[in-house]
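Protein chains in written order, with numbering that gives the first Met the number 0: chain U, 0 to 467; chain F, 0 to 211. For reference, the structure discussed in these notes is given below.
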Amino acid sequence: MTAQTLYDKLWSSHVVREEADGTVLLYIDRHLVHEVTSPQAFEGLKLAGRGLWRVDSVVSTADHNTPTDHWDEGIKDPISRQQVETLDANIKSFGALAYFPFKDKGQGIVHVMGPEQGATLPGMTVVCGDSHTSTHGAFGALAHGIGTSEVEHVMATQCLVAKKSKNMLVKVNGPLAAGITGKDVALAIIGKIGTAGGTGYAIEFGGEAIRSLSMEGRMTLCNMAIEAGARSGMVAVDDKTIDYVKGRPFAPGVADWDAAVAYWKTLHSDEGAHFDAVVELDASEIKPQVTWGTSPEMVTDIDGSVPDPAAEADPVKKGSIERALSYMGLTANTPVKDIPVDIVFIGSCTNSRIEDLREAAAVARGRKKAASVKQVLVVPGSGLVKAQAEAEGLDKIFIEAGFEWREPGCSMCLAMNADRLQPGERCASTSNRNFEGRQGQGGRTHLVSPAMAAAAGIAGHFVDIRSL
Amino acid sequence: MKAFTTLSGLVCPLDRANVDTDAIIPKQFLKSIKRSGFGPNLFDEWRYLDHGEPGMDNSVRPLNPDFVLNFPRYQGAQVLLARENFGCGSSREHAPWALDDQGFRVVIAPSFADIFFNNCYKNGLLPIVQPAEVVDQLFRECEAQEGYTLTVDLAAQTITTPAGQVFSFDITEHRKHCLLGGLDEIGLTLQHAEQIKAYEAARRQAQPWLFA
Ligand code: SF4
């Protein structure tokens, strides 16, 4: 048999039928559903008199619109409330394997909830009406975001009409330096290949540095595959994957465990498998990353400076840099360490898991928020992450440092709820997108790791966490 | 879905790279549980001088006179000319819904983000990839000539300029077939229900832990 990549294996094992032009019906094992991209899909099913093809493939939660404080007061924004209540009603009438509604202790950001419930398993196809579904590829699963028409299509048929992507291997060689996280690796990769570098590809992340990442670090990395243009990112299964899955609510039980593990162990690229593109990075060169612009590829490291558009020859790129600097209120050649921040946001499906909170707390412990920083928001990814953090006393560390400890949800990652930047405010954020207006109209976002975000909140400007 | 066959439409040039779906339709409008009505909020943050929220009367909001969509010469445009990596970011299908609702039927760019590209086809919107030099040329011609229109013929897979220059484009047979006929993809897939069931039964046998 010819050597296959991990993506080849995941793809071919889910093909139900293939047309002459290569269009495939791809079987979907897990469908994650949230309130923003599902109402029109459920509506479509109702209008056509259709139901869910497989109720037990659906796992759902409300995350984008939910508030992160004053839960006793419910959802104040009537339009947000209607969207969340619409999901409640749709799940009630269509069914699901599991539903974690607003205020449930299992509620959380869909990409945090899935893995922690064991609803994401190696070898699965996982889809969700959300581009950061690539997160689940950390488990050796084929996972990607879909649009609402596709959400409806999967609900009705359990399949996706799809075409195979090309294979890309991103190899990060050698060990990571101390303090360097999955977030820094992700941003360094995007800085190298660009936000369209992965378009048309499924990316497998490999190499010593990737193997050394924890499952949570791998989730952070795969989460940002979409910011490199790739719908899906993935990491081969190893013992860390299997240990992480074991014992979770929807993981295989004792009867199936050995067979599942035996299969999962085949989920890696074969020796000599062909990749259409290979990108290599040297892990030792990756320093703490900070974005300066309005696209994740506009990134440098903590020792870097804001670029000078005058030095850019390509007119389209030059225009982008000029527009970004003007939007961000930055002057060319400013050292990153001299950029002050107004707000810090620690959260999102990229960086709101327990290890992220531990890293931020390690920086915050015994220190105080800078007086010039208006607010440091810490938003755990799920109710379970919140409970774990509180059991470890992380909440107290944050509160003593002058940070705010909130209820779980997407929060200021996209500012659909009340947590948002005011025009002109500058934020050190652990989220994944620094687009114009992403965290609130006129808001200015710098993407960083959790430790870097916490450190900026303490110092009032970006600092090198390696010097703390 | 709306069928797409041929179109002769006015072209509007949007000269920015990496236009993301947050810019195409900002998140506050995603709270809607409907598929329609997003047109007035297409490119909301660029298009208006004030901050838009759902429920506002968009007809009385102050327009940004410097934004291309507001130029008198581009009113009624059906073809959007764009730069590389158009539609990157969030998977929101509200982006093609908003473009469609505004009256666009075709987007031409050197490259598109994958999810957006896919979402377009589900809504009768045709995304066309052209080499960067061709896109450059179209930008120049469009800006130079008021009332610049392009003719798109899906069956023939061609774009024709007012001067009669013809460019061809690629599309998969499946997508072309669905767009030309305005076909319901779910209905098409369900014609293969027996095959899906057979696949599913085999999977249940081989990997029972995937089934509750
Ligand atoms: S945390 Fe942000 S990126 Fe993640 S699902 Fe929520 S809104 Fe999307």
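Beta carbons are placed, not taken as given, at the ideal position from N, Cα and C, and that holds for glycine. Model, not experiment: these values are computed from the prediction.
The beta strand (DSSP E) runs of length 3 or more contained entirely in the region 28 to 66 of chain U are, from start to end of the chain, 29 to 32 and 57 to 60. Proximity of R432(U) to chain F, defined by a Cβ-Cβ separation below 8 Å, is satisfied. Note on V169(U): 16 or more other CB atoms within 10 angstroms of its CB, so buried under the neighbour-count rule.
Annotation: the continuous beta strand (DSSP E) that includes F344(U) extends over I342 to I345.
Classified as exposed, D169(F) has fewer than 16 neighbouring CB atoms from the shown chains inside 10 Å of its CB. With three or more CB-CB distances shorter than 8 Å, the region 218 to 230 of chain U counts as touching the region 136 to 144 of chain U. By a beta-carbon distance limit of 8 Å, S89(F) does not contact T171(F). Their separation comes to about 24 Å.
Only those residues of the region 5 to 30 of chain U whose C-beta falls short of 8 Å from the nearest C-beta of chain F are listed: V15, R16, E18, A19, D20, G21, T22, L24, Y26 and D28.
Between the region 78 to 85 of chain F and the region 106 to 116 of chain F, the count of C-beta pairs closer than 8 Å reaches three or more; the two stretches touch. For the pair I225(U) and H110(U), the CB atoms are not nearer than the 8 Å cut-off. Here the alpha carbon of D302(U) sits roughly 15 Å from the alpha carbon of P339(U). G205(U) is the residue among G205(U), I189(U), S211(U) and I398(U) whose C-alpha sits nearest the C-alpha of E270(U). For T180(U), the closest C-alpha among the options E284(U), I396(U) and A61(U) is that of E284(U).
Cβ contact annotation for N118(F) (same chain, cutoff 6 Å, sequence separation greater than five): E92 and P95, in chain order. Closest option to F99(U), judged by alpha-carbon separation, among R16(U), A450(U), H33(U) and N433(U): H33(U). A Cβ-Cβ distance of about 6 Å is found for the pair Q27(F) and E52(F), placing them in contact under the 8 Å criterion.
Here the distance from the Cβ of C412(U) to the nearest heavy atom of the ligand SF4 is below 7 Å. For chain U, the residues of the region 14 to 34 of chain F that bring a beta carbon within less than 9 Å of one of its beta carbons are D14, R15, A16, N17, D19, T20, D21, A22, P25, K26, Q27, L29, K30, S31, I32, K33 and R34, in chain order. Per DSSP, N118(F) lies in no beta strand (DSSP E) segment; the continuous alpha helix (DSSP H) that holds it begins and ends at D113 to Y120. Listed along chain F, the residues sitting closer than 8 Å to A195(U) by beta-carbon distance are N17, E83, N84, C87, S110 and A112.
Distances taken from the Cβ of C409(U) to the heavy atoms of the ligand SF4 include one shorter than 7 Å. According to the DSSP assignment, R443(U) belongs to the beta strand (DSSP E) that extends over R443 to L446. Only those residues of the region 76 to 90 of chain U whose C-beta falls short of 9 Å from the nearest C-beta of chain F are listed: D76, I78, S79, Q81, Q82 and T85.
In the DSSP assignment, R16(U) falls within the unbroken beta strand (DSSP E) covering V14 to E17.
Distance from the C-beta of C221(U) to the nearest heavy atom of the ligand SF4 is not below 7 Å. The C-alpha of E140(F) is placed about 44 Å away from the C-alpha of D7(U). DSSP places L212(U) in the coil class of the three-state scheme, outside both helix and strand. With 16 or more other CB atoms across the displayed protein chains lying within 10 angstroms of its CB, L80(F) is buried. The C-alpha of G163(F) is placed about 15 Å away from the C-alpha of G146(F). The CB of V35(U) comes closer than 7 Å to the CB of L29 in chain F, given here in chain order. Scanning chain F for C-beta atoms nearer than 7 Å to the C-beta of P251(U) yields W208, reported in chain order.
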